[in-house]
Amino acid sequence: MTRVAPIPETVTLHVPFRVVKRGGRKEMRLPDGVRPDRKADNTLVKALARAFRWKRMLESGEFSSISELAEKEGIAFTYMARLMRLSLLSPAIVDAIMDGRQPANVTLADLMGSFPPDWQEQQALWTADSAQD
Numbered sequence: 250m251t252r253v254a255p256i257p258e259t260v261t262l263h264v265p266f267r268v269v270k271r272g273g274r275k276e277m278r279l280p281d282g283v284r285p286d287r288k289a290d291n292t293l294v295k296a297l298a299r300a301f302r303w304k305r306m307l308e309s310g311e312f313s314s315i316s317e318l319a320e321k322e323g324i325a326f327t328y329m330a331r332l333m334r335l336s337l338l339s340p341a342i343v344d345a346i347m348d349g350r351q352p353a354n355v356t357l358a359d360l361m362g363s364f365p366p367d368w369q370e371q372q373a374l375w376t377a378d379s380a381q382d
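Here the numbering used here is used: the first residue of the sequence shown is 250, the next is one more, and so on.
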């Protein structure tokens, strides 16, 4: 079998992307319409796991207060209280974080700030913010 054209030794592939900071790390942002396979953000996943674990410990009566639990865990009360707010996130946002599908603007730093308690307002807040990126 004869080849018509020789196979080049070097192939150049151009992929348009930009580098953005996300949660203290650099990440590639691909053009609109391109969906890369994303991995779950381990920092967010661990924070969610801690928040729900602590909530369960308080609800079960194992500890009577956040202060008591924070002392036992060796964590500052204020940090624990802010992290436990993650247990108030919408189930859809929690699922998206666990699957690595959360909007780029949903970082632990953003979630440690204030966010609305209403799940629909949370969805609207982070969906609207990610559309502006």
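Note that the Cβ used here is the ideal one computed from N, Cα and C, for glycine as well.
Note that the C-beta distance between arginine 302 and leucine 332 is not below 8 Å. At the C-beta level, glutamine 371 and leucine 338 come within 8 Å of one another.
In the DSSP assignment, glutamate 276 falls within the beta strand (DSSP E) that extends over 274-278.
By the neighbour-count criterion, in which 16 or more other beta carbons inside 10 Å mark a residue as buried, phenylalanine 266 falls on the exposed side. Counting along the chain, lysine 321 sits inside the alpha helix (DSSP H) bounded by residues 315-322. Secondary structure of lysine 304 (DSSP, three-state): helix.
When secondary structure is reduced to three states using DSSP, lysine 288 falls in the coil class, being assigned neither helix nor strand.
Around the CB of alanine 345, 16 or more other CB atoms lie within 10 Å, so the residue is classed as buried. Contact between the stretch 271-280 and the stretch 340-357 is present: three or more C-beta pairs spanning the two stretches fall below 8 Å.
If you draw a straight line from the Cα of phenylalanine 326 to the Cα of serine 314, it comes to about 10 Å.
The Cβ neighbour count for aspartate 290, taken over all protein chains shown within 10 Å, is at least 16; the residue is labelled buried. Taking a contact as a CB-CB distance under 8 Å, the pair valine 260 and leucine 297 does not count as one, their CB atoms being some 42 Å apart.
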